[in-house]
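A.B. asks: Take a look at this one; I'll ask things after.
Numbering (this note's numbering), first residue to last: 74 to 920.
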């Protein structure tokens, strides 16, 4: 396809044909050029044809390179567009993910702050409630102390039969009420226990759900970590493959250069096969040294690659161990969470004795929350910076990846070009094989000629033997020349044996030469196979090829200039040859002039050839400079790969730090949740304790009310009994009594004390002060306002009237000594006295 695009130059071919025709005509006329001129002319024609071939090859290679460059440019544009699209998509995705994470963290912080504010408000409310409850508790305790003091005073005054009866009744009633209250308390406690169990079960379920959520989050994080590690492993694998490919290409460039040199040398050797056998051996030695160097370089590269792979494997193993350790730590944290849940149940029992310490802990927790919120904000800033750095590193990695892909594409194109060169070398190898076949055929013909000579010599020897036998037959027996003939025959036999041995040696030598030639052919075949292998390994010559193509373009331009000059010279020669067809006298002078001009032109061409050789030398020097630049570029590529590796290591380290920071944030949140749970448990304990206190206060209040009702009932019954017993105890109306009865004032509220005056005094056990109780003669209260009037106990003269067994009247003793308990009769002991015969049947029970 490229060959058809190469323009033809018919002027060159016409000029060459015209020169050949002119040379033939001059030879026919007998006026040929001189030997030197003819040699120069033939060299010039050969150079022109060779330059034409070079021009064609260079033009074809240029066309192929142009097409390859066009395809590469399209591939590069497509790769740039794809890279731009991928980068924009990655940036958008990263921004969206970062925005979502930031929103989630902000919402979480808002929730934490709201919870903290709620906890603070709850704490303040608890403090206020504790203050109010403390005041109420002090007031209730003061009331209880007052009530207890009053009860103690009144019980000290009312010891005796009434106190014993009351105590027995109260004990029975208290026991009955206690059993009822105990059952009621038991039912309440069961209900509270069921409620607490339900709450505890709900809390446990909530905690289990939170633990499951945390485990799911951890699993998701682990999956993300695994996915990122796999992506990182793939990227590292691609990076290693590219590095290995670069190393292989660099080694292949060196081998290709050496192989190209060797191909050129082998080409020259193939042209000079019969003269350069020694040079072949030297070149084989040089090849061996180069191969040893290549082996050493391959060993060095393979050792460095193995070392790098071992380092990567050790790093991956360390990462796996870190992941396993992190998983173990997470399992330990879960076990600690379960242990803390168990400890919370134990701490709920201890929290009742740590009420005051909880306030300090809450204050400390608020301070710690503030500190942790500040730490979280600081860590959030650091995480954002790290994420920005990671995004920059990812972009740099993506750009490096794109550049490597472009370089690989360019390398693939260069490999295709080298494939074409390999095809060209294969054609040359086929030509060499044909030359070897021709040499082998010539050798076989020479061997056949030698065998035919040997056969002819043997036939001659047989003929000589036959002649000798004929001569012996013709010879007379007594001839004098028999000895001479025998000596001659022996000499001829010796010469024939020597000639036969010499011919055999020549045959053996020719056979050895043929074997050596066959071995040389086999060695050449092996060399050709090795060269094919080396040429197949050449995949990294894109820079050198580009520089070489540029040099070829420059050379082609120079060749085109020279071609134009040659065309001009050929046109001039054509004109001159047309003028040479004139008469011979003029032709000789013109030929001499032409020879002089031709010699000048040859000198100019030689100078131009020298300049071309200098330009070729400069191209070689530039090629060496390009090779040095290529080596520097390779070093820079290795440095860039090392920088990329370090950047990836930094990215891994930043990812690990972000993971640790997120773990710390989770730990802080878990601590906040634990503190919040502790605060909630403490608040529940306080509420429960306050409820228990309120229930106890209500129970005591109810007990006091029941006690008051019992005492009021008892006092009313006693008053009724006293009123019923008063006509039996008092014989006649005493003035004082008549005055009291007329006024309607009776002293009541205590165990009645009977005097001769008929007055009744009572002490109310429900009050610290003794009050007047006014009753009508029928037993009803006459004046309720008289209850508020304080009276002093009046000492009455104890006069016995109707006492049983001649004992003193207990009621009189109670009146005379109201602050001391009434004494018991010696005959009664610890049992109450028997009822009076005149008392009603229910009075003894009440007493």
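We put the CB at the ideal spot given by N, CA and C, even for glycine. Here the structure is a predicted model, which means the values were calculated and not measured.
1) Report back the beta-carbon spacing between residue 141 and residue 490 to the nearest angstrom; my notes put them in contact at under 8 Å.
2) Are the region 254-274 and the region 721-730 touching by the rule of at least three beta carbon pairs closer than 8 Å?
3) Kindly give me the distance between the Cβ atoms of residue 131 and residue 687, rounded to whole angstroms, as I take these residues to be in contact under 8 Å.
4) Report the residue from 756, 691, 101 whose alpha carbon sits nearest the alpha carbon of residue 931.
5) If you draw a straight line from the C-alpha of residue 93 to the C-alpha of residue 150, how long is it?
6) Anyone know if the C-beta pair for residue 206 and residue 763 falls short of 7 Å?
7) Can you tell me the Cα-Cα spacing of residue 691 and residue 127, whole angstroms?
8) Are the CB atoms of residue 710 and residue 620 within a distance shorter than 7 Å?
9) Please report how far the alpha carbon of residue 162 lies from the alpha carbon of residue 154, in whole angstroms.
10) Do residue 479 and residue 146 have their C-beta atoms within less than 7 Å of each other?
11) Skipping 5 residues on each side, what residues in its chain have a beta carbon closer than 7 Å to that of residue 213?
12) Quick check on residue 582: buried or exposed, where buried means 16 or more other Cβ atoms within 10 Å of its Cβ?
13) So, using beta-carbon positions, are residue 148 and residue 482 closer together than 7 Å?
14) Look at the alpha carbon of residue 844 and the alpha carbon of residue 800, and state the distance between them as a whole number of angstroms.
15) Select from 198, 175, 577 the residue whose C-alpha is nearest the C-alpha of residue 525.
16) Quick check: the Cα distance between residue 720 and residue 468, rounded to an integer number of angstroms?
17) Using 10 angstroms around the beta-carbon of residue 90, count the other beta-carbons present and answer buried if the total reaches 16, otherwise exposed.
18) Can you give, in chain order, each stretch of the beta strand (DSSP E) that sits fully within the region 771-804 and has at least 3 residues?
19) How about residue 156 and residue 641: do their beta carbons lie closer than 7 Å?
20) What does the alpha-carbon distance come out to for the pair residue 571 and residue 517?
21) Go ahead and label residue 260 buried or exposed: buried means 16 or more other beta carbons lie within 10 angstroms of its beta carbon, across all protein chains shown.
22) Leaving out the 5 sequence neighbours to the left and right, which residues in its chain are closer than 6 Å to residue 506 when beta-carbon positions are compared?
23) Please list, in chain order, all residues of the same chain as residue 461 whose beta carbon is under 6 Å from its beta carbon, the five residues on each side excluded.
24) In the structure shown, what three-state DSSP assignment does residue 845 receive?
25) To the nearest angstrom, how far is the alpha carbon of residue 49 from that of residue 496?
C.D. replies: Let me spell this out:
1) About 7 Å separates the two Cβ atoms, so the contact holds.
2) Cβ pair count under 8 Å is below three, so no.
3) Their Cβ separation, rounded to whole angstroms, is 19 Å, which puts residue 131 and residue 687 out of contact at 8 Å.
4) Only positions 74 to 920 of the chain appear in this structure, which leaves residue 931 out of reach.
5) Their backbone Cα atoms lie some 54 Å apart in a straight line.
6) Against a cut-off of 7 Å, the Cβ pair of residue 763 and residue 206 comes out as a contact.
7) In this structure, the straight-line span from the alpha carbon of residue 691 to that of residue 127 is close to 19 Å.
8) Residue 620 places its beta carbon 7 Å or farther from that of residue 710.
9) Rounded to whole angstroms, residue 162 and residue 154 show a C-alpha spacing of 12 Å.
10) No, the pair does not count as a contact, with Cβ atoms beyond the cut-off.
11) Around residue 213: 770.
12) With fewer than 16 other Cβ atoms inside 10 Å of its own Cβ, residue 582 counts as exposed.
13) Remark: C-beta atoms of residue 148 and residue 482 approach each other more closely than 7 Å.
14) Note that residue 844 scores a pLDDT of 40, beneath 50, so its modelled location is shaky and nothing firm can be said.
15) Per the Cα distances, 577.
16) So the two alpha carbons sit approximately 11 Å from each other.
17) An exposed status is given to residue 90, since fewer than 16 other beta-carbon atoms sit within 10 Å of its beta-carbon.
18) List check, beta strand (DSSP E) in window: nothing returned.
19) The criterion of a C-beta distance shorter than 7 Å is not satisfied by residue 156 and residue 641.
20) Each residue's alpha carbon lies about 25 Å from the other.
21) Exposed.
22) Same-chain partners within the cutoff: there are none.
23) Cβ neighbours of residue 461 beyond the five flanking positions: none.
24) Its pLDDT being 37, under 50, residue 845 is placed unreliably by the model, and nothing is read from it.
25) The question about residue 49 has no answer here: the residues shown for the chain are numbered 74 through 920.
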